[in-house]
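Heads up, the sequence shown is in the working numbering, so the first residue is 406 and it goes up one at a time. Before any comments, here is the structure.
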Amino acid sequence: MKARHCRPEVSLLRRRVYGRDVSRHLQRTIKSRAVKKLFENNRRWAAAITKDNPQFFETLSLQQNPEYLWIGCSDSRVPPSQIVNLPPGELFVHRNVANLVVPDDPNCLSVIQYAVDALKVKHIIVCGHYGCGGVQSAISERPKGPIDNWLMPIKKLYDRKASVFGEGTGSQARVDQLCEINVIEQVRNVCHTGTVQDAWERGQALQVHGWIYRLSDGLLTDLEVTADGPASVPDL
Ligand SMILES: [Zn+2]
C-alpha cells in the first residue's frame, strides 16, 4: 500500500470505498506530472490567500452570497472569475459549449433557478466570446456527431438571421457576428425562463446582461442588451 503521500484520512476513505486495486490506480494518477502540478498550484494558491486573510476559507465555507450568475462558454481561454478579477464566492457559474441557454436543458435551468430563487443574484451575465469554436462548428457543413445536436439552436439561429450577414462577409467576420447574435439570443432565452419571469413579476431586482469577450486582448464588451423586466427584453 503506497499511501505515504496521502493524508491518513484520505487513504482510509479510499480503502473503505474503493478497495486496494482502485486505490493503486488513484495513486498512479496523482503521480502523473501534469496532475501533480495542479496539487502543487492548489497548495500555493490556498497558502497565498490564507496569508492575506487567515479566515478566508473558514468564512467562505459557511455561506456563499454571490451577486452574479455567469453563463459562459466552456472554452479554457475564457475563465470567468479571472476575467472579472473576482475571488471565490462572488460569481456563480454555469458553462457549456457556446454559452447556450436551451429551454429544455435541466442543467442550465436548475442553475438559473438556484441562482435567482435561493442565492438572489442581482445580475445574470451571458458572456460569449469572439472566435468561439462552438459557434464556428455550428455553421460548418461537416457532421461531427453528438455535438451537432447541442449546437442545433445556433444552426437554426444562423438560418433565421441569414439576411443580417452581408454578401461579402468573410468567414471569420461571419462567425464573430454570429457570436454576438448568439449572446443576444441567449439573453432572450434567460429572460423567457419561468424563473426569471416569476422573479420580475414579484418585483425582485434582477438584470440580464449580454457581454462578449475578445480572446486577443482580454477585454469585455457590453452588447447593451440589458433587460430588467419583461418590457426590456431585447429584440432579435
Ligand atoms: Zn466558445
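Ideal Cβ positions, reconstructed from N, Cα and C, are used throughout, including at glycine.
Taking the Cβ atom as the reference point for each residue, do residue i and residue j lie within a distance shorter than 9 Å?
{"i": "Asp-480", "j": "His-534", "result": "yes"}
{"i": "Val-506", "j": "Leu-496", "result": "no"}
{"i": "Leu-524", "j": "Leu-474", "result": "yes"}
{"i": "Tyr-618", "j": "Val-483", "result": "yes"}
{"i": "Ala-636", "j": "Gln-612", "result": "no"}
{"i": "Ile-517", "j": "Val-601", "result": "yes"}
{"i": "Leu-641", "j": "Ile-559", "result": "no"}
{"i": "Ser-486", "j": "Val-498", "result": "yes"}
{"i": "Val-630", "j": "Ile-589", "result": "yes"}
{"i": "Trp-616", "j": "Asp-627", "result": "yes"}
Given 8 Å as the limit, tell me if residue i has its C-beta closer than that to any heavy atom belonging to ligand 1.
{"i": "Asn-499", "result": "Here the sequence assigns His to residue 499, which means Asn is not the residue at that position. It does not: the Cβ of His-499 is nowhere closer than 8 Å to a heavy atom of ligand 1."}
{"i": "Val-531", "result": "no"}
{"i": "Val-502", "result": "yes"}
{"i": "Asp-581", "result": "no"}
{"i": "Asp-480", "result": "yes"}
{"i": "Val-638", "result": "no"}
{"i": "Val-613", "result": "no"}
{"i": "Gly-539", "result": "yes"}
{"i": "His-534", "result": "yes"}
In the DSSP assignment, find the alpha helix (DSSP H) that holds residue i and state where it starts and stops.
{"i": "Tyr-473", "result": "Note, Tyr-473: premise wrong, no alpha helix (DSSP H); beta strand (DSSP E) at 473-478."}
{"i": "Arg-374", "result": "With the chain covering only 406 through 641, there is no way to say anything about residue 374."}
{"i": "Leu-467", "result": "461-467"}
{"i": "Pro-485", "result": "485-488"}
Could you tell me the boundaries of the beta strand (DSSP E) in which residue i lies?
{"i": "Thr-668", "result": "No statement about residue 668 is possible, as the shown extent of the chain runs from 406 to 641 and does not include it."}
Quick one: any contact between the stretch 589-605 and the stretch 547-554, if contact means 3 or more CB pairs under 8 Å? With a cut-off of 8 Å on Cβ pairs, the stretch 589-605 is not in contact with the stretch 547-554, counting fewer than three such pairs.
Pick out the complete alpha helix (DSSP H) segments inside the stretch 574-613, 4 residues or longer, and give them in chain order. Within the stretch 574-613, complete alpha helix (DSSP H) segments of at least 4 residues are found at 576-596 and 599-606, given in chain order.
Is the number of C-beta pairs between the stretch 568-581 and the stretch 532-546 that are closer than 8 Å three or more? Yes, they touch.
Every unbroken alpha helix (DSSP H) within the stretch 491-562, with a cutoff of 4 residues, ordered by chain: You should have 511-518 and 538-543.
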